[in-house]
Amino acid sequence: MKILIKNGCVIDPSQDLDRIADILLEDGKVRRISHNIKVNGETFIDAAGKIVMPGIVDMHVHLREPGREDKETVVTGTRAALKGGVTSVLAMPNTSPAMDSPENILTLKDIIARSASNNVFICAAITKERLGGELTDIAKLKKSGAVAISDDGSSVDNEQLMLAAMQKAKKGDIPVICHCEDRAISDKGTVNLGVMSTRLGLRGIPSASEYKRVERDIRLAQKAGCRLHIAHVSCKESVEMIAKAKKKGIGITAETAPHYFALSEEATFDYDTNKKMNPPLRSKADVQAIKQGLRDGTIDTIASDHAPHTENEKEIEFDRAEFGVIGLETELAVGISELVETGLLSWKDFVGKVSFNPARILGLKKGTLAIGADADIIVVSADKEWIVGKEGFVSQSKNSAFLGRRLKGLVDYTICAGRIAYRSEGRTVIGL
Amino acid sequence: MVWSRKDLVGLEELSKEEIELILQTAESFKEVSTREIKKVPALRGKTVVNLFYEPSTRTRVSFEVAAKRLSADVINIAAETSSVKKGETLSDTGKNIEALKADIIVVRHNYSGAAAMLARNVSISVVNAGDGWHEHPTQALLDIFTLKEKLGSIEGLKVSIVGDIAHSRVARSNIWGLTKLGAKVTVCAPMMLIPVGIEEMGVELTDNIDKALACADAVNVLRMQFERDSEGAFPEQLEYFKKFGITHERLDKAKKNIIVMHPGPINCGIEMSSEVADGANSVILEQVTNGIAVRMAVLFLVAQARDTAPVINIKGGAG
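Protein chains in written order, with the working numbering: chain A, 1 to 432; chain B, 1 to 319.
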């Protein structure tokens, strides 16, 4: 099977590419990138005026299966991903049961084999049941197919245990993804601590609950010599600490989510629980620091932290509502609208943040259009505007922080493993 | 000035003109309570539901009296006896009350933001009777009404609010209302009980009660809810009285006609001495009387707004 994508603006930071070209895909791989490719018998995509880039590699996704299929499943989550131009996801381990044993990973792999529409990679837990008490068998989990470890949703409070986990991760050459939060500080907070928490009469979460843990994990990672990845960075102190650590040559990478550069704490003014996430939306100064960190390379990647919740868990009192928002179907457009359109990032830098960089962090052969690479490619109408609405979501949950927002950038085609898995005409997800 | 909001969730979102309209409307309703037959037909045929998730006698009774003096039918729902315990959500409860064809829900809730959430989930009117630490707009309106009655105008007044500012919806609503009307507001509390960034709401801070009283035209003394001190932020009761309690000795150093207010119920010997509570400067019982007029005004205005569309949703957006 051949697909020829004609006359698109091909952007691939892995080859320093940003020019009009044709791409020929054959047997699931990128075969040629050149001017004026002519072959017979191929599927033809006219990409004139469109962006052609590697599919998004989203390294922070909660697919909720197994255990919370009322929120999302591998079927709905990966179909939502395709619509958002996401061809690879890293599934976080806070499922039920948690991904803390080879058996559980095997179960999930079975589900993925049966029902995934894109590439799903598995992140395993650091501790059993993610309770922070006893380490998992990291080497075995890696052997079973995990590409990273994390207790995402929680941080491992016990310093000795975390150090031991990092030493094992170093030995097993697997990255450690840290959800940095000191619960003793964040406590029962629900929004950023500051004038907004005061105005709303809600308990605040100080930035210190994040950056103190970032500081600790950098220190431990330096000791262990492991690869440390900081998840969902939200505040300026964390950005500063990560920049400093990078300067010192510590093996650290960092991620932020679209809501941390597109929204600030003011967005919670009406107690909209779709603006409730952990870490919380921070101050304007923090948003500025996140943007600067993306620009200067301190923050390597953008991931959605796609966290589906049912309406019953969200459309309730702010204090009682679950933390988290969905993001697979909006991250590309939010990035284009807030980072590329504004001139903060070049197209090449942006594409790197959402594809090549996360693939590199996880050691995946993804996020590139190099000859012979897996044909995971998206064709994007960068200037097409749309308004985010509940009806449009493929995800089973609708808890988006961007409902009602006008965004720029729509996926026309998502090609996964050399096959057209989604096209926007008629808004159909074809699946694989 | 025409009132066009279906709800009253807080004073933060109101304009100066809207607040003044409520106060003017309350002035004309105050006289009703002095009549032999204390009733006007303004809300005849309307149903007001008091939906209270927190125990409250004063506020609930005040709303009930206000609604009845407007000839509305009143139904009281206390959370203990409702389907809340069966797991019904606030929004579902609201929709059920709406389906009963009630016109106004007066809601008291222990969670901040509950009134706003309810307001955007029902098309009938919602009046906030206190939500968590967020706002208690009718309390602030009756405080302001009382001040205005005593001193003529709010513009330029110096008002100090003393007590647990951090956990007080009364404080927040008073700050918004008073500053919008041009008063200078000082909050006074132990530093542990002053929330982060409150100065950005346009107030001065102090932890010195004598400074807070020095040039004040009025002092609003908050109830110290020791029973709710879950975070251990409160000082000892006696120590609090020593440092912050309003006494005659302290008032002697203040303006002679300083007005002393309290939203009730008072912890005598903690926030203020009983002599002060019953003294010449105290307007505490007048506040209770004025509460009826202010709540009549609010119920009347929100009901009227729904009768004369288009309606503006108070805290819109959100899905």
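Using N, Cα and C, we set each Cβ at its ideal position, and we do this for glycine too.
- With contacts defined by Cβ atoms closer than 7 Å, A:I361 and A:T256 do not form a contacting pair.
- Here the C-alpha atom of A:A139 lies approximately 39 Å from the C-alpha atom of A:D319.
- Using a CB distance cut-off of 7 Å, A:L228 does not count as an interface residue toward chain B.
- With a minimum length of 3 residues, the unbroken runs of beta strand (DSSP E) contained wholly in the region 185-256 of chain A fall at 228-230, 252-256.
- For B:S112, at least one C-beta of chain A is nearer than 7 Å to its own C-beta.
- Closest option to A:A48, judged by alpha-carbon separation, among A:F356, A:K71, A:I23, A:M277: A:I23.
- Any Cβ of chain B closer than 7 Å to the Cβ of A:Y271 would place that residue at the interface, and such an atom is present.
- Per the coordinates, the alpha-carbon of B:L11 lies some 22 Å from the alpha-carbon of B:A189.
- Going by beta carbons, A:I3 and A:L25 fall inside the 7 Å limit.
- Close to chain B, meaning a Cβ-Cβ distance shorter than 8 Å, are the following residues of the region 197-212 of chain A: S197, T198, R199, L200, G201, L202, G204.
- Identification of residues in the region 318-333 of chain A having a C-beta nearer than 8 Å to some C-beta of chain B yields F318, D319, R320, given in sequence order.
- By DSSP's assignment, A:M53 forms a beta bridge with A:I378.
- Taking C-alpha positions only, A:E134 is separated from A:S155 by approximately 13 Å.
- Along the region 89-122 of chain B, the positions whose C-beta sits under 7 Å from a C-beta of chain A are T89, L90, S91, Y111, S112, G113, A114, A116, M117, read in chain order.
- When 7 Å is used as the limit between beta carbons, A:G194 is near these residues of chain B: V196, G197, in chain order.
- In the DSSP annotation of this structure, the continuous segment of the beta strand (DSSP E) that includes B:H109 starts and ends at 104-109.
- Here B:D252 is exposed. Its C-beta has fewer than 16 other C-beta atoms within 10 Å.
- The residue among A:K398, A:L369, A:D173, A:S304 with its C-alpha nearest the C-alpha of A:D16 is A:L369.
- Proximity of chain A to B:E200 at the Cβ level (cut-off 7 Å) is accounted for by V195, in chain order.
- Closest by C-alpha distance to A:S150, out of A:V86, A:D217, A:K212, is A:D217.
- The Cβ atoms of A:S355 and A:L407 do not sit closer than 7 Å to each other.
- Look at the region 164-186 of chain A: it has no residue with a C-beta under 7 Å from a C-beta of chain B.
- Segment contact: the region 159-176 of chain A against the region 224-231 of chain A, three or more CB-CB distances shorter than 8 Å; contact assigned.
- Chain order gives the chain B residues near A:E315 as S91, where near means a beta carbon separation below 7 Å.
- For A:H35, the three-state secondary structure derived from DSSP is coil.
- Rounded to whole angstroms, the separation of the alpha carbons of B:L238 and B:S168 is 21 Å.
- Pairwise C-beta distances place the region 317-331 of chain A out of contact with the region 373-387 of chain A, as fewer than three of them are shorter than 8 Å.
- Between the C-alpha atoms of A:H259 and A:A401 there is a straight-line separation of about 7 Å.
- The C-beta separation of B:I22 from B:A297 comes to about 5 Å, placing the pair in contact by the 8 Å criterion.
- For the region 163-196 of chain B, the residues whose beta carbon sits under 7 Å from a beta carbon of chain A are, in order, R169, R172, P195, V196.
- Note that the C-beta distance between B:V74 and B:I105 is not below 7 Å.
- The beta carbon of B:H134 falls within 7 Å of a beta carbon belonging to chain A, placing the residue at that interface.
- A:G8: member of the beta strand (DSSP E) spanning 2-12, first to last residue.
- The Cβ atoms of A:I111 and A:E65 lie closer than 7 Å to each other.
- Counting every other CB atom within 10 Å of its CB across the protein chains shown gives B:A233 a total below 16, marking it as exposed.
- Sixteen is the threshold: since fewer than 16 other Cβ atoms of the shown chains lie within 10 Å of the Cβ of B:M1, the residue is exposed.
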